[in-house]
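Below is one structure, written out as structure tokens, with a few remarks after it.
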């Protein structure tokens, strides 16, 4: 089984090797795998450009190292972080995400200070604030 897996990996990797003809490039740019993963959505005209990332993702899926679902999940996480939808993550967007997450957590489980809550149905008067109820 391990030997078969290595042969498949080698076949996929040497499929393109050091040489890539125009037909193979076209398949990488517009082929069914790239379309399913929406890797070429920034290049909808299929102008024959393949980024390093497109090539790496396509190879990893073909090798079975990652699944198409792994790629989709990763893209979805990226999209949630990419607040201005420009395809780039910036420090500002990461900070904005952290602030939003903190706000959501505060809404879900607000923090209560036990010392400020009224005891036995009454509101804390001056005598309760200084610690002496008498």
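Numbering (this note's numbering), first residue to last: 37 to 170.
We put the CB at the ideal spot given by N, CA and C, even for glycine.
Just so we're clear, the structure is a prediction, and the values are computed from it rather than from any experiment.
Determine the burial state of residue i: buried for a count of at least 16 other Cβ atoms within 10 Å of its Cβ, exposed for fewer.
| i | result |
| --- | --- |
| residue 47 | exposed |
| residue 134 | exposed |
| residue 76 | buried |
| residue 163 | Unreliable placement is indicated for residue 163, whose pLDDT of 48 sits below 50; no coordinate value is reported for it. |
| residue 131 | exposed |
| residue 124 | exposed |
| residue 115 | exposed |
| residue 64 | buried |
Under 8 Å, do residue i and residue j count as touching if we go by C-beta distance?
| i | j | result |
| --- | --- | --- |
| residue 16 | residue 94 | Since the first residue shown for the chain is 37 and the last is 170, residue 16 is missing from the structure and cannot be characterised. |
| residue 104 | residue 73 | yes |
Just to confirm the assignment, what range does the alpha helix (DSSP H) spanning residue i have?
| i | result |
| --- | --- |
| residue 71 | 68-73 |
| residue 98 | 88-99 |
| residue 124 | Element bounds for residue 124: n/a, residue is neither H nor E. |
| residue 109 | 104-117 |
Select from the options the residue whose C-alpha is nearest the C-alpha of residue i.
| i | options | result |
| --- | --- | --- |
| residue 43 | 113, 66 and 99 | 99 |
| residue 111 | 67, 59 and 90 | 90 |
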